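A.B. asks: Those letters in the first sequence? Residues 1 to 578, by UniProt numbering.
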Amino acid sequence: MEAFQLLSRGGVKFDKTRFKDDVRLFNKEKGNSAKRKEAVKYDSGELPAELDFFKYAKGGPAVKRKAGENAEAHDGKRRRVDEDEEDEDDEEDELGREGSDAESSSAQPTQRHRVTAKGSNVPGPADSFEALKERYHLSSRLLTNLASNGFKHPTGIQSHGVPILLEGRDLAAISPTGTGKTLAYTLPVLQALGAPAASAKSTAGAGVRAVILAPTRELAHQIHNEFLRMAEGRKWRIVLFSKATAATLADKNARDKVDVIISTPLRLVASLQNGTLDLSNVRHLVLDEADRMLDTEFLEQVQEVVAACTHPSIQKAVFSATLPAGAEKLAMEMLRDPIRIVVGLKDTPLPLIAQSLTYVADESSKLPTLLTYLSQPYNPPVLIFVSSQPRATSLAEELIINGVPNVDCLHAGMTKKEREDAVTRMRRGESWVMVSTEVMARGMDFKGVREVINYDFPTSVQSYIHRIGRTGRAGREGKAVTYFTNEDAPFLKSIANVILQSGSTVPEWIMKLPKPSKMKRKAMGKVQRGDFVDKARKIGRNDAIKKRDMIAGSKRRKEKAARNGESSEQLENRGGDR
DNA sequence: AAAAAAC
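(1) Using the Cα positions of N225 and A361, report the straight-line distance between them to the nearest angstrom.
(2) Give the secondary structure of G207 by DSSP, where H, G and I count as helix, E and B as strand, and everything else as coil.
(3) Distance check for L277 and D259, CA to CA, integer angstroms please.
(4) Of all the options L142, D251 and L352, which has the alpha carbon lying nearest to the alpha carbon of R234?
(5) Can you say whether A220 is buried or exposed, counting buried as having 16 or more other CB atoms within 10 angstroms of its CB?
(6) Taking 8 Å as the threshold, find out whether the stretch 437–455 comes into contact with the stretch 378–388 through three or more Cβ pairs.
(7) Which class does R387 belong to by DSSP, given the choice of helix, strand or coil?
(8) Less than 8 Å between C-beta atoms, sequence neighbours within five positions excluded: which residues of the same chain meet that for T369?
(9) Suppose the cutoff is 6 Å on Cβ atoms and the five residues either side in sequence are ignored; what does the same chain contact list for G168 look like?
(10) If contact is defined by three or more beta carbon pairs under 8 Å, each pair taking one atom from either stretch, is the stretch 201–215 in contact with the stretch 345–354?
(11) Might you give, ordered along the chain, the residues of its own chain that have their beta carbon closer than 8 Å to the beta carbon of D256, omitting 5 neighbours on each side?
(12) Tell me the residue span of the alpha helix (DSSP H) that contains K366.
(13) Along the beta strand (DSSP E) that carries D408, what are the first and last residues, could you check?
(14) Quick check on the DSSP output: the beta strand (DSSP E) that includes F491 runs from which residue to which?
(15) Excluding the five sequence neighbours on either side, which residues of its own chain have a C-beta within less than 8 Å of the C-beta of Q389, listed in chain order?
(16) Measure how close the beta-carbons of D170 and R425 come, nearest whole angstrom, since I'm counting them as under 8 Å.
(17) Considering Cα atoms alone, identify which of S148, P163 and G194 is closest to Y185.
(18) Under 8 Å by Cβ, that's how I've got T339 and K512 pegged, so tell me the actual separation to the nearest angstrom.
(19) Going by Cα to Cα distance, which pick from A308, Q355, L285 and T393 is closest to A331?
(20) What residue range is occupied by the uninterrupted beta strand (DSSP E) comprising F446?
(21) DSSP beta-bridge partners for L285?
(22) Could you compute how far the alpha carbon of A422 sits from the alpha carbon of S280?
(23) Who are the near neighbours of A172 in its chain, counting only those whose CB is closer than 6 Å to its CB and skipping five residues on each side?
(24) Could you pull out every residue in the same chain whose Cβ sits closer than 8 Å to the Cβ of T322, ignoring the five residues on either side in sequence?
(25) Take G475 as the anchor and find which of L492, S494, R450 and N497 has the nearest alpha-carbon.
(26) Excluding the 5 residues flanking L367 on each side, which residues of the same chain have their C-beta closer than 8 Å to its C-beta?
(27) Which residue from P265, L294 and M334 puts its Cα closest to that of R217?
(28) Give me, in chain order, the residues of the same chain whose beta-carbon lies closer than 6 Å to that of Q355; leave out the 5 immediate sequence neighbours on both sides.
(29) From this set, P215, T485, T393 and G156, which residue's C-alpha is nearest T296's C-alpha?
(30) For F151, name the three-state secondary structure that DSSP assigns.
(31) Got a sec, what are the start and stop residues for the beta strand (DSSP E) N454 sits in?
(32) Report yes if the C-beta distance between I212 and L228 is below 8 Å; otherwise report no.
(33) Sort L371, H160, T155 and L187 by Cα distance to T177 and report the nearest one.
(34) From this set, E420, T415 and P377, which residue's C-alpha is nearest residue 579's C-alpha?
(35) For R529 and S365, I'd like the C-alpha separation in whole angstroms.
(36) Could you give the distance in angstroms between the alpha-carbon of D408 and the alpha-carbon of W432?
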């Protein structure tokens, strides 16, 4: 526990302004002197030099890249793919930076990914932000804010999605992680607001006019930041809904001056049930991470929010990088005459994320494998996913005990402040190794993340796609490693298929594994350690795979053998399970 | 299929 407290040290207040500039620093944009100045200001002032974690990297014991080299390489690559957007939540950051990165890129983002649109009277895409101004009178203020935040060219989801939303249509948008989805709804919502509710000129009626729902606090916070950046210079009241802000809105007068609310569902539902919130004037409702929001655990809450949005001309939109059939059906049912657009291949990670699978025989082999990995040169920060809160805590402790520097931990069991601090350290590049649960899997946009390690196997293809999507954002390269044990074998093939589909390679023997359903049944049926994979190393993979079918019965054999006094070694040589 | 997250 002591070690864990270490994790929560460094009580840096989460500060949006500062955060924004952190992001800029990462981009080390050239040719934007205004931004550069700001960056410099922070560099020499509030922001510690360590913000540039490459410096750390240089001095750190286990880090391979040198300061300049890393950044250079990174920059060069970024140029190749600038246009995709990020996932659901991305900050504009990537996108915007994207713009600056794209300076040398002649390719149009929108041509990079195939975009498919379905629906009636689909508006054509806009090739540039200026085109949005011409076609839809996108406000000069928004254009200015786009430019000052470094957004030069719309990504695929932006050029297709923004016109649809500006025309007031309902939208289901599927676009890979890190391709700028957040901005794709931020712009139209702000454009539609017009005069702030608080201003005398407002004709919008009383009460909040736009609601954005996201599955985690961290993501809601990030979206809020994005809204604030695009709203700069306007008096819109954009509220990140929390217990504290909800309290201040208990007063109806204050409430009626709010333009946009960004919230997690339950928080909103609580206020609705209190009677301290009225959504009858909401004209725009966005579900970010839509498939997650339509999960059974969230569905009821979301439906309650939807039901509370009673304005007849409400526009609804859902965004995600993944949208399984079940979720899509639910989404389509709540939309009116929707347009559905898919950027790239649905449910496929970005090809610029280099993915690999690493076999670790069992749980006990994971930590040594990770420690070995972290003792060699790597690219910080590394984001490590585990399956539960206790495992996140204990893995972080283990890493600290083993001398890994700058380890952080983030899960929903931590206090609000601890969570905020962890995010801040991450944003500043102070974390080299961040151990987290599924809470970080979706939407979070940390530009610097080079590597994702799935220490615990993801529990779904969607989880896999979102987790590894924390890297490779806004056209950058990324690397994702997934550990698998014998117990994960039943789910291995589905992940392997995803990897193949997105252009990375997997060992041939994995693809020869039988159908997941069949394997799963075997795994559930008492095969303790279906360690056929382990055997594969000794006796050749194909043989091992054949033997796998014998594993189910092996326990019985084992018991019998034990009775006969046969050693497990002998058993193993016969190909039976231990 | 299974856990995490939401207050």
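Note that CB positions come from ideal geometry on N, CA and C, so glycine has one too. Please read all numbers here as calculations on a predicted model, not as lab measurements.
C.D. replies: From the atom records:
(1) 43 Å
(2) coil
(3) 13 Å
(4) L142
(5) buried
(6) yes
(7) What sits at residue 387 in the sequence shown is Ser, not Arg. Coil.
(8) T358, V360 and Y483
(9) Q315
(10) no
(11) A197, A206 and G207
(12) E363 to S375
(13) V407 to L410
(14) Careful: F491 lies outside any beta strand (DSSP E), inside the alpha helix (DSSP H) at A489 to Q501.
(15) H411, A412, G413 and T437
(16) Going by Cβ atoms, the distance from D170 to R425 rounds to 39 Å, so no, they are not a contact pair.
(17) P163
(18) Reading the sequence as shown, one finds Ile at residue 339 and not Thr. So it is not a contact: roughly 41 Å between Cβ atoms.
(19) L285
(20) Careful: F446 lies outside any beta strand (DSSP E) and carries neither H nor E.
(21) V211 and K316
(22) 36 Å
(23) V318, A331, P338 and R340
(24) I174, D291, K346, D347, V461, Q462, I465 and H466
(25) R450
(26) L395 and E398
(27) P265
(28) A480, I499 and S504
(29) P215
(30) coil
(31) E451 to N454
(32) no
(33) T155
(34) The chain is shown from 1 up to 578; residue 579 falls before or after that span and cannot be answered.
(35) A caution first: R529 carries a pLDDT of 36, below 50, which makes its placement in the model unreliable, though a value can still be read off. Spanning the two alpha carbons is a distance of roughly 14 Å.
(36) 8 Å
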